[in-house]
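Undergrad:
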Amino acid sequence: MVAPDLVVMLSIDGLAATFLDDPTLEVPALQSLVARGARARRLVPIFPSVTWPCHASIVTGVAPARHGVLGNMVFDRTAGAPVEHFGDRTEVPIAVDTLWDRLHARGERTAGVCWPKTRGVTAVADNIPEFYDQELFERHASRPLWSELADRGLPIARYGPWSAEHALGPMQDWLTLESARHILRVRPPRLLLLHFLTLDSFQHDYGTTSPEARWALTEMDRLVGRLLETLEALGRAESTTLLVFGDHGFVDVHRIYHLNQILCEERLVEVDAGGTVTRRLAWATGNGGAAHVYVLDGAPRTTRERLSERLSALSGVEVFGPERFPDLGLPAPGPGSTQGDLMLAAAADVYFTGHATAAAVARAPAYRAAHGHLPGIERMAAGLVMAGPGVAGGVKLETASMLSLAPTAARLLRVELPAAEAPPLLEALDERLHHG
1329 MVAPDLVVML SIDGLAATFL DDPTLEVPAL QSLVARGARA RRLVPIFPSV TWPCHASIVT
1389 GVAPARHGVL GNMVFDRTAG APVEHFGDRT EVPIAVDTLW DRLHARGERT AGVCWPKTRG
1449 VTAVADNIPE FYDQELFERH ASRPLWSELA DRGLPIARYG PWSAEHALGP MQDWLTLESA
1509 RHILRVRPPR LLLLHFLTLD SFQHDYGTTS PEARWALTEM DRLVGRLLET LEALGRAEST
1569 TLLVFGDHGF VDVHRIYHLN QILCEERLVE VDAGGTVTRR LAWATGNGGA AHVYVLDGAP
1629 RTTRERLSER LSALSGVEVF GPERFPDLGL PAPGPGSTQG DLMLAAAADV YFTGHATAAA
1689 VARAPAYRAA HGHLPGIERM AAGLVMAGPG VAGGVKLETA SMLSLAPTAA RLLRVELPAA
1749 EAPPLLEALD ERLHHG
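Position 233 of the sequence shown, counting from 1, maps to 1561 under my numbering, and the rest follow consecutively.
1) Straight-line CA distance for Glu1749 to Ala1641?
2) Are the CB atoms of Leu1520 and Ala1439 nearer to each other than 7 Å?
3) Using 8 Å as the Cβ pair cut-off and three pairs as the minimum, do the stretch 1732-1748 and the stretch 1414-1433 touch?
4) Between Gly1408, His1413 and Arg1405, which lies nearest to Leu1398 when the distance is taken from Cα to Cα?
5) Any idea if Glu1566 is buried or exposed, counting beta-carbon neighbours within 10 angstroms, 16 or more meaning buried?
6) Do Thr1736 and Pro1752 come within 7 Å of each other at the CB atom, strictly closer than that value?
7) According to DSSP, simplified to helix, strand and coil, what is Gly1644?
8) Evaluate the contact criterion for the stretch 1399-1411 versus the stretch 1364-1373: three or more CB pairs, one atom per stretch, below 8 Å.
9) Could you spell out the range, first to last residue, of the alpha helix (DSSP H) harbouring Glu1593?
10) Compute the Euclidean distance between the alpha carbons of Ala1627 and Gly1662, then round it to the nearest angstrom.
11) If the criterion is Cβ atoms closer than 7 Å, does the pair Pro1373 and Met1730 meet it?
12) For Ala1748, write down the residues that DSSP places opposite it in a beta bridge.
13) Do Glu1547 and Pro1498 have their C-beta atoms closer together than 7 Å?
14) What does the Cβ neighbour count give for Ala1601, buried or exposed, with the cut at 16 atoms within 10 Å?
15) Which partner residues does Glu1412 have in the DSSP bridge list?
16) Report the start-end ranges of each alpha helix (DSSP H) in the stretch 1532-1569 that is 4 residues or longer and not cut off at the edges.
17) Tell me the rounded alpha-carbon separation between Val1330 and Val1723.
18) When you compare each of Ala1485, Pro1472 and Glu1633 to Phe1465 by their alpha carbons, which one comes out closest?
19) Under the three-state reduction of DSSP, which class applies to Asp1425: helix, strand or coil?
20) Could you give the DSSP three-state label for Ala1484: helix, strand or coil?
21) For my contact list, Val1771 and Asp1677 are in at a C-beta cut-off of 8 Å; report their separation, rounded to the angstrom.
22) Mapping the DSSP letters down to three states, classify Ile1584 as helix, strand or coil.
23) If you drop the 5 nearest sequence neighbours on each side, which residues of the same chain put their C-beta closer than 6 Å to that of Ile1422?
24) Please name the residue in Glu1755, Arg1370 and Leu1639 whose C-alpha comes closest to that of Ala1709.
25) What residue does the alpha helix (DSSP H) around Phe1303 start on, and which one ends it?
26) Could you give the DSSP three-state label for Phe1459: helix, strand or coil?
27) What does the alpha-carbon distance come out to for the pair Glu1594 and His1762?
28) Measure the C-alpha to C-alpha separation of Trp1380 and Gly1700 and round it to an integer number of angstroms.
29) Check whether the Cβ atoms of Leu1587 and Ala1612 lie closer than 7 Å to each other.
30) Here's the rule I'm using: 16 or more other beta-carbon atoms within 10 Å means buried, otherwise exposed. How should Val1514 be labelled?
31) Along the beta strand (DSSP E) that carries Ala1495, what are the first and last residues, could you check?
32) With three or more C-beta pairs closer than 8 Å as the rule, is the stretch 1335-1343 touching the stretch 1676-1693?
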């Protein structure tokens, strides 16, 4: 068999490249895939290297400038309010064709469990998007799938609470896997998209080399092993190709800049005694090691230059103006765009928040590790393993672009993805798949 009947794209959030090179970690399922498949030592993410833009790039093969998901948190100039992509709290679709669009056009099924940016996507036939609010699960999860999971006795009424609390992440990921196992048994797709989050959460909370992060990776490996066992039991192991990857790496952080507090100092943001923002002439949205800074209506004409100078003076901060945005894979700012007028990139030990008040800072967790930084930082690289029909065994690539994941999956699925900005990873594919 050259091409698979089923492709599974499994994102282990925060699976840094360094994990797959650590001989002290026990990850037998992942190592079994490495032994019979191909891997890239460094999967280079996009910028900002945060979950929601990365996952949009993973299924489109294009940078944020084209798919439109410019951060986990951005600002809508028209509405005058922040937009949270994370948790799919707002229905803002991906702006270009995805793998599921191409399969749907051909009458083939995609299923997704906990995959970002799938709220309201009818082309994903069986769809449980990544939400943090139970009410959104109840409203948007596909029927009859959601009802079938309840009938099986799975605790789907806990999906929201388990998703919202980092400490409960292992239960969320277990429920994601159990939902996927049901889909494989009862509603088999051509493409299955899965997303596990515990490794990301535990690195944020405890650090990249903490016992908690190491345990999380072994737990993710256990879930991968359970998935492989399910495919074997269904007689589908030999006809399934798996792409297992991280969406970004991680760095341990020791310094924080609360950007909207700085804008308050510059008298560009005003907050009342209760902590409510009463006036914005500028605003910043923190995305870990990246941030958007917006200059809003009513601001003096010199505000962008003034802020560029003020923020450039911060230790460990690089400021980019619009002339550099194409190099970063970002669009031009404008009235209808959620792109900031300035883009900030942090040094490896720094991250940003958008908190404007001391009370908000006090309520927020202080991360021990973060991501979002420029992809050139070595530890931002993720891991990638591929195995199954169509994959050339024994291949070890030094680097691969995240933008190559979608065209590689498209080649395995025998669909076209003409908008993709990077080629498929042909070195990792059976040579019979090298020509469409």
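Built from N, CA and C at the ideal position, the CB exists for glycine as well.
TA: In short, the structure shows the following:
1) The residue given as residue 1749 occupies position 421 in the sequence shown. The residue given as residue 1641 occupies position 313 in the sequence shown. Computed Cα separation, rounded: 35 Å.
2) Numbered from its first residue, the sequence shown carries residue 1520 at position 192. Numbered from its first residue, the sequence shown carries residue 1439 at position 111. In this structure, Ala1439 lies closer than 7 Å to Leu1520 by Cβ.
3) yes
4) The count along the sequence shown starts at 1 and reaches residue 1398 at position 70. Nearest option by C-alpha distance: His1413.
5) Counting from 1 along the sequence shown, the entry for residue 1566 is found at position 238. With fewer than 16 Cβ atoms within 10 Å of its Cβ, Glu1566 is classed as exposed.
6) The residue you call residue 1752 lines up with position 424 of the sequence shown. The residue you call residue 1736 lines up with position 408 of the sequence shown. Yes, the Cβ-Cβ distance between Pro1752 and Thr1736 is below 7 Å.
7) Your numbering for residue 1644 matches position 316 in the sequence shown. Coil.
8) no
9) The sequence position of residue 1593 within the sequence shown is 265, counting from 1. Residues Leu1587 to Glu1593.
10) Along the sequence shown, one-based indexing puts residue 1627 at 299. Along the sequence shown, one-based indexing puts residue 1662 at 334. Distance between the alpha carbons of Ala1627 and Gly1662 is about 15 Å.
11) Position 45 of the sequence shown, counting from 1, holds the residue named residue 1373. Position 402 of the sequence shown, counting from 1, holds the residue named residue 1730. A contact, by the Cβ cut-off of 7 Å.
12) For this step, residue 1748 is matched to residue 420 along the sequence shown. Partner(s): none; Ala1748 has no beta bridge.
13) Mapped onto the sequence shown, residue 1547 falls at position 219. Mapped onto the sequence shown, residue 1498 falls at position 170. Their beta carbons are under 7 Å apart, which means Glu1547 touches Pro1498 by this criterion.
14) On the sequence shown, residue 1601 is found 273 positions in, with the first residue counted as 1. Exposed, because fewer than 16 other Cβ atoms sit within 10 Å of the Cβ of Ala1601.
15) As a first step, residue 1412 must be located in the sequence shown, where it is residue number 84. Paired residue(s): Met1401.
16) 1539-1561
17) In the sequence shown, the residue the question calls residue 1330 occupies position 2. In the sequence shown, the residue the question calls residue 1723 occupies position 395. Each residue's alpha carbon lies about 17 Å from the other.
18) Within the sequence shown, numbered from 1, the residue matching residue 1465 stands at position 137. When only C-alpha atoms are compared, the closest one is Ala1485.
19) Counting from one through the sequence shown, the residue named residue 1425 turns up at place 97. Coil at Asp1425, not helix or strand.
20) Along the sequence shown, one-based indexing puts residue 1484 at 156. According to the sequence as given, residue 1484 is Ile; it is not Ala. Note: Ile1484 maps to helix in three-state DSSP.
21) The first residue shown for the chain is 1329 and the last is 1764, placing residue 1771 beyond what the model contains.
22) Sequence index remark: in the sequence shown, residue 1584 carries index 256 (1-based). In the structure shown, Ile1584 sits in a strand (DSSP, three-state: E or B).
23) Walking along the sequence shown from the start, residue 1422 turns up at place 94. So the list reads Ala1384, His1395 and Lys1445, once near-sequence residues are dropped.
24) Translated into the one-based positions of the sequence shown, residue 1709 becomes position 381. Distance check between Ala1709 and each of Glu1755, Arg1370 and Leu1639 places Arg1370 closest, using alpha-carbon atoms only.
25) Outside the displayed range of the chain (1329 to 1764) lies residue 1303, so it cannot be described from this structure.
26) Translated into positions along the sequence shown, residue 1459 becomes position 131. Reduced to three states, the DSSP call for Phe1459 is coil.
27) The residue you call residue 1594 lines up with position 266 of the sequence shown. The residue you call residue 1762 lines up with position 434 of the sequence shown. Using only the alpha carbons, I get a separation of about 56 Å.
28) The residue you call residue 1380 lines up with position 52 of the sequence shown. The residue you call residue 1700 lines up with position 372 of the sequence shown. C-alpha separation (whole angstroms): 11 Å.
29) Sequence index remark: in the sequence shown, residue 1587 carries index 259 (1-based). Sequence index remark: in the sequence shown, residue 1612 carries index 284 (1-based). Taking 7 Å as the Cβ cut-off, Leu1587 and Ala1612 qualify as a contacting pair.
30) As a working mapping, residue 1514 is identified with position 186 in the sequence shown. Flag for Val1514 reads exposed.
31) Here residue 1495 is taken as the residue at index 167 of the sequence shown, counted from 1. Neither: Ala1495 is in no beta strand (DSSP E) and is coded neither H nor E.
32) no
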